[in-house]
Amino acid sequence: MEINLNNVYQIIDVADKYFMTQVKRSIHAFIPNNLSDFVQSEHFLNLDKSILKEIVESFPILSEKEVLFEAVYKWAENQAIKKQRLDETLNLNETIKEEFSHVFPFVRIGKMDLDFIVKFVWQKSFLFSDEELKKLILDQSKVHVIIIDGDTKVMKGVLQCPDMEKVIDVIREQTFCVSRSLYYYWDAKQPKPSTPSKLNKDESIEWYLLYDKNGNLAIKHCDEVLDDDYLLAEMFADQDFGFHGVCKIQIV
Numbered sequence: 120m121e122i123n124l125n126n127v128y129q130i131i132d133v134a135d136k137y138f139m140t141q142v143k144r145s146i147h148a149f150i151p152n153n154l155s156d157f158v159q160s161e162h163f164l165n166l167d168k169s170i171l172k173e174i175v176e177s178f179p180i181l182s183e184k185e186v187l188f189e190a191v192y193k194w195a196e197n198q199a200i201k202k203q204r205l206d207e208t209l210n211l212n213e214t215i216k217e218e219f220s221h222v223f224p225f226v227r228i229g230k231m232d233l234d235f236i237v238k239f240v241w242q243k244s245f246l247f248s249d250e251e252l253k254k255l256i257l258d259q260s261k262v263h264v265i266i267i268d269g270d271t272k273v274m275k276g277v278l279q280c281p282d283m284e285k286v287i288d289v290i291r292e293q294t295f296c297v298s299r300s301l302y303y304y305w306d307a308k309q310p311k312p313s314t315p316s317k318l319n320k321d322e323s324i325e326w327y328l329l330y331d332k333n334g335n336l337a338i339k340h341c342d343e344v345l346d347d348d349y350l351l352a353e354m355f356a357d358q359d360f361g362f363h364g365v366c367k368i369q370i371v
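Counted the way the working numbering counts, the sequence shown spans residues 120 to 371.
Structure below.
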C-alpha cells in the first residue's frame, strides 16, 4: 500500500497497534516530506502522545522547523483544552505547558527564523522558564565574533556552539592574545565542553576560533587544527590580516 495524505493516519494506527516496525519506518520517511499538509489534519491534533513523540523523534533537523514547532504547540493546546473540559479547575496555560514539555524535547528543530521566535514563540513564553527562553532565543540568534588587529584589519565569524552564553562570557573577559606562528590564543583556561562541537573541520575554511587542548581560546589556521581542539566558529579574515600589534576580540 502506498502511503499518502489520505491514508497516513489510518496506517499509523495499524502500525502502532501491531508493532509494524518496517511500516513505521516508511511513515517516518513520508512525514518530513509532507509536513505542512500532515499537521493540518484534525487527526494530528488528536494523536496519542506516545505516537507523536515517536514520530517527531524520528525527524531529522527540518527545513520547516517553524511548522513543526507550531504544530506541536497546537497539539498540546488541543490536549489541554480536552483535559480542561473534564476538570475546569485546571489552568489552561499550565496544562498546555505540561503537554508541550512531554513532546518538545524530542523535536530536533535546529535554528528557527528569529522573526518566528519574536512573533510566535515569544507570545508563548509561558512554556519556558526565563533561562530556557533566554537560551532558546540565544541559540537561534547569530552571535558574531570580531577580531581586530593593530592595523584595524578584521577577522569575523558566527559562533556555532551548544553553550553559547558561556562562550560569550569567556570571549568578553579576554584582553591580549599571544602569537605563535599560525596560532594565536587568549589564556582562558576553560574545560573542554562535554557536548560535541557543532562544527567539523573543513579544509575550505582557512581559520577557526576554538578551545585548544589547554583550554585556551584560540585562533588557528586550518593546518594547525588538532583532533583535541573544540571548534567554536569558522572565521573569515580581511586581506592582509596579520595579528599585527594588539589584537582585540569582540562579540556582536
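Beta carbons: idealized from backbone N, C-alpha and C, even for Gly.
Where residue i sits in the DSSP three-state scheme
i    : result
M283 : helix
V344 : coil
E185 : helix
S298 : strand
F355 : strand
V237 : helix
L209 : coil
L318 : coil
Q293 : coil
F247 : coil
V191 : helix
K311 : coil
S220 : helix
Buried versus exposed, by CB contacts within 10 Å (16 or more), residue i
i    : result
L276 : The residue you asked about is not Leu; residue 276 is Gly in the sequence shown. Result: buried.
F188 : buried
Y180 : Just to set this straight, residue 180 is Ile in the shown sequence, not Tyr. With fewer than 16 Cβ atoms within 10 Å of its Cβ, I180 is classed as exposed.
M354 : buried
E322 : exposed
K136 : exposed
K261 : exposed
D359 : exposed
L350 : buried
F138 : exposed
F362 : buried
F295 : exposed
D268 : buried
K339 : buried
T208 : exposed
T75  : What the structure shows of the chain is the stretch from 120 to 371, and residue 75 is not part of that stretch, so it cannot be assessed.
A195 : buried
A352 : buried
K184 : buried
L211 : exposed
For residue i: DSSP bridge partner residues
i    : result
F360 : Partner(s): none; F360 has no beta bridge.
M231 : Its beta-bridge partners do not exist; DSSP assigns none.
Q369 : I265
W305 : L336
Y327 : K339 and E353
K253 : In the DSSP output, where bridge partners are listed per residue, K253 has none listed.
V273 : I267
L278 : A352
### Query
Counting pairs of Cβ atoms below 8 Å between the stretch 158 to 169 and the stretch 193 to 211, do you hit three or more?
yes
### Query
Hey, is the stretch 219 to 234 in contact with the stretch 325 to 341, meaning 3+ C-beta pairs nearer than 8 Å?
no
### Any alpha helix (DSSP H) of 4 or more consecutive residues that is wholly inside the stretch 122 to 183
127 to 136, 140 to 149, 154 to 157, 161 to 164 and 168 to 176
### Message
Using 8 Å as the cut-off, can you tell me whether the stretch 268 to 287 makes contact with the stretch 219 to 228, which would need three or more C-beta pairs spanning the two stretches below that distance?
### Response
no
### Task
Evaluate the contact criterion for the stretch 334 to 344 versus the stretch 291 to 311: three or more CB pairs, one atom per stretch, below 8 Å.
yes
### Query
So, do the stretch 206 to 224 and the stretch 242 to 252 have three or more beta carbon pairs nearer to each other than 8 Å?
yes
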